[in-house]
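Quick notes on the structure that follows.
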Amino acid sequence: MNDDPEQLDRHVDDLLHDRKPERTPLSDEDALRARQTAAMLRAAKPGAGLPSKEFLERMQGSIGGWVGEQSARPQPAARPSRRSLLLTGAAGIAAGVAAAVGVERLVPKAVAPGPAQALVEKGAWKPVKALADLPQGTPVAFRSGAIEGFLIRQGDEVKGLSAVCTHMGCILNFSKFRNQFECPCHGATFEITGRPTDQYDTPLPRLPLLQVRIERGQVEVYSV
Amino acid sequence: MREGKTSGAAVSRANLVSLPHADPPHGQDHLTWAYQTHVTAIYQYIYSRVGNRPDAEDLTAQVFMKAISGMRNDVSVPELRSWLYRVAQTTLADHWREYYAEGAGELDEDVTRPPAPRENPEAVHRVDALLATLPESYRRVLELRFLRGYSVRETAQELSLSEANVKVLQFRALNRAGRERGRMS
Numbered sequence: 528m529n530d531d532p533e534q535l536d537r538h539v540d541d542l543l544h545d546r547k548p549e550r551t552p553l554s555d556e557d558a559l560r561a562r563q564t565a566a567m568l569r570a571a572k573p574g575a576g577l578p579s580k581e582f583l584e585r586m587q588g589s590i591g592g593w594v595g596e597q598s599a600r601p602q603p604a605a606r607p608s609r610r611s612l613l614l615t616g617a618a619g620i621a622a623g624v625a626a627a628v629g630v631e632r633l634v635p636k637a638v639a640p641g642p643a644q645a646l647v648e649k650g651a652w653k654p655v656k657a658l659a660d661l662p663q664g665t666p667v668a669f670r671s672g673a674i675e676g677f678l679i680r681q682g683d684e685v686k687g688l689s690a691v692c693t694h695m696g697c698i699l700n701f702s703k704f705r706n707q708f709e710c711p712c713h714g715a716t717f718e719i720t721g722r723p724t725d726q727y728d729t730p731l732p733r734l735p736l737l738q739v740r741i742e743r744g745q746v747e748v749y750s751v
Numbered sequence: 078m079r080e081g082k083t084s085g086a087a088v089s090r091a092n093l094v095s096l097p098h099a100d101p102p103h104g105q106d107h108l109t110w111a112y113q114t115h116v117t118a119i120y121q122y123i124y125s126r127v128g129n130r131p132d133a134e135d136l137t138a139q140v141f142m143k144a145i146s147g148m149r150n151d152v153s154v155p156e157l158r159s160w161l162y163r164v165a166q167t168t169l170a171d172h173w174r175e176y177y178a179e180g181a182g183e184l185d186e187d188v189t190r191p192p193a194p195r196e197n198p199e200a201v202h203r204v205d206a207l208l209a210t211l212p213e214s215y216r217r218v219l220e221l222r223f224l225r226g227y228s229v230r231e232t233a234q235e236l237s238l239s240e241a242n243v244k245v246l247q248f249r250a251l252n253r254a255g256r257e258r259g260r261m262s
């Protein structure tokens, strides 16, 4: 069937109302591309594309069940310890940070939510910014290898904080106006020190500190 | 970095998803956790390819079900992350193929592009870059419909066109943008 404006508009209208579009046999690649482009545009609307609370909760339940079933099956390799899951290779990657923090919460007393836990083992120092480019006191976002973080300069010292929200692993934004880190997903907020603000019932762990050093005017982060 | 989009204070407590509680009875709990922390990122990735919630939810659930059943459970977090995106890519490719069975067999290049960690801000830049390649009238109709959520009728009023003309303009704009997108990627 040839594509036409009415048919394409029905598809667009479904997307704009978050309905599953009707399955339409398409005539050519242009028609498919037009719909993929519509999806991309739809997702760019502010506020679109975040999972609902209900869906996330449903997924949490399902994932637990699926992992349980999978674990019940015979495994070819030996079971690793919890530590090997979290520290293999790149424990400091964005997701790894979130997962590590998750375990911290599962075992609340075992690991104090204190600062300066080394997030990366077997990494390397990587230059990310020139010290001269960092403003005083305002966090600057960076990405290096698997690490997403913020650098905060105070005098000639620079502190590094993970940019991964300790709630569900989204990447935080920094608001200059409110002087805090804000999560675009579910609205968790953190002070500039990385401490969670006390506005939620669910207590969140603080943002992990990153290892930072200054070498010949370059700020380097220990990363993988 | 965009700012001020979300006011922390304005978001109600109810939006914060409650997390599983302490007390890990079984060894798989940490693995469950590692998967759970990726749900939002995978959902956002899929949503930006299908553009609607029911499909994004179905496909996200499928990705995790397939990923978990196909993965050994001594996986490291980096392996798990790239595995999830690989499963997401093949799931999306199957989705388009099945959805538009008689259509082009060719895959969107996007599906095979390695995903960026910051999927969303990046998606916004891609849309801006794409819109910038279009003639003014095409850009206007797409902005009004998609970014501002105008109905066809409201768009027609804004542009002083008939509703039928808006649909034709939208059709040409999406087809042109689709071809531009093919060229850009």
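The listed protein sequences derive, respectively, from chains A and B.
For what it's worth, this note's numbering labels the leading residue of the first sequence as 528, then goes sequentially.
For what it's worth, this note's numbering labels the leading residue of the second sequence as 78, then goes sequentially.
Cβ coordinates follow ideal geometry from the N, Cα and C atoms, glycine included.
The structure presented is a predicted model; accordingly, all values stated were derived computationally and were not measured.
Bridge partner(s) assigned by DSSP for residue i
| i | result |
| --- | --- |
| A:T716 | A:E709 |
| A:S689 | A:G676 |
| A:N700 | A:E709 |
| A:R670 | A:E675 |
| A:E747 | A:P654 and A:R740 |
| A:P723 | A:F717 |
| A:E684 | A:Q681 |
Buried/exposed call for residue i, threshold 16 Cβ in 10 Å
| i | result |
| --- | --- |
| A:F677 | buried |
| A:D551 | The identity of residue 551 of chain A in the sequence shown is Thr, whereas the question assumes Asp. So A:T551 counts as buried. |
| A:A621 | Model confidence at A:A621 stands at a pLDDT of 40, short of 50, so the residue's coordinates are unreliable; what they give is reported in the following sentence. With 16 or more Cβ atoms within 10 Å of its Cβ, A:A621 is classed as buried. |
| A:A659 | exposed |
| A:Q663 | exposed |
| A:T693 | buried |
| A:V739 | buried |
| B:E213 | exposed |
| B:M261 | exposed |
| B:S159 | exposed |
| B:S146 | exposed |
Per-residue contacts from residue i into chain A (C-beta, under 8 Å)
| i | result |
| --- | --- |
| B:V245 | P532 |
| B:R260 | What B:R260 touches in chain A: nothing, since even the nearest Cβ is about 11 Å away. |
| B:W173 | L559 and Q563 |
Interface partners of residue i on chain B, CB under 9 Å
| i | result |
| --- | --- |
| A:S750 | Near A:S750 there are no residues of chain B at all, since even the closest Cβ is about 13 Å away, more than 9 Å. |
| A:P654 | Ordered by position in chain B, no residue passes the 9 Å Cβ test against A:P654, which lies about 19 Å from the chain. |
| A:T665 | Ordered by position in chain B, no residue passes the 9 Å Cβ test against A:T665, which lies about 11 Å from the chain. |
Residue range of the alpha helix (DSSP H) that includes residue i
| i | result |
| --- | --- |
| A:A570 | E556 to A570 |
| B:A138 | R130 to S146 |
| A:F752 | Nothing can be reported for residue 752 of chain A, as the shown portion of chain A is limited to 528 through 751. |
| A:Q663 | Here A:Q663 belongs to no alpha helix (DSSP H), and DSSP marks it neither H nor E. |
| B:L251 | E240 to M261 |
| B:T232 | V229 to L236 |
| B:L219 | E213 to L219 |
| B:T117 | V116 to V127 |
Opening and closing residue of the beta strand (DSSP E) in which residue i lies
| i | result |
| --- | --- |
| A:P532 | Careful: A:P532 lies outside any beta strand (DSSP E), inside the alpha helix (DSSP H) at P532 to L543. |
Residue i: contacting residues in chain B (beta-carbon distance under 7 Å)
| i | result |
| --- | --- |
| A:P570 | Position check: residue 570 of chain A holds Ala in this sequence, whereas Pro was assumed. Ordered by position in chain B, the residues that pass the 7 Å Cβ test against A:A570 are Y124, S125, G128 and A200. |
| A:V594 | Q105, L108, T109, Y112 and I145 |
| A:F582 | E134 |
Chain A contact residues for residue i, given Cβ-Cβ distances below 7 Å
| i | result |
| --- | --- |
| B:Y120 | P578 |
| B:V204 | M567, L568 and A571 |
Listed by chain order, chain A residues near residue i by CB distance under 9 Å
| i | result |
| --- | --- |
| B:A170 | Those within 9 Å of B:A170 in chain A number zero; the least Cβ separation is about 12 Å. |
Cross-chain neighbours of residue i in chain B, by beta carbon under 8 Å
| i | result |
| --- | --- |
| A:I590 | T109, Y112, Q113, V116, F141 and I145 |
| A:A561 | F248, L251, N252, A254 and G255 |
*the region 128 to 141 of chain B: which residues have C-beta closer than 9 Å to a C-beta of chain A, in chain order?*
The region 128 to 141 of chain B vs chain A, Cβ under 9 Å: G128, N129, R130, P131, D132, A133, E134, D135, T137, A138 and F141.
_Against chain A: residues of the region 216 to 238 of chain B by CB proximity under 7 Å_ = Within the region 216 to 238 of chain B, contact with chain A at the beta-carbon level (separation under 7 Å) is assigned to L219, R222, F223, L224, G226 and V229.
*chain B contacts from the region 539 to 551 of chain A (Cβ-Cβ distance under 9 Å)*: Result list: V539, D540, D541, L542, L543, H544, D545, R546, K547, P548, R550 and T551.
*Quick one: which residues of the region 677 to 703 of chain A get their C-beta closer than 8 Å to a C-beta of chain B? List them in chain order.*
For the region 677 to 703 of chain A, the residues whose beta carbon sits under 8 Å from a beta carbon of chain B are, in order, H694, M695, G696, C697, I698, N700, F701, S702 and K703.
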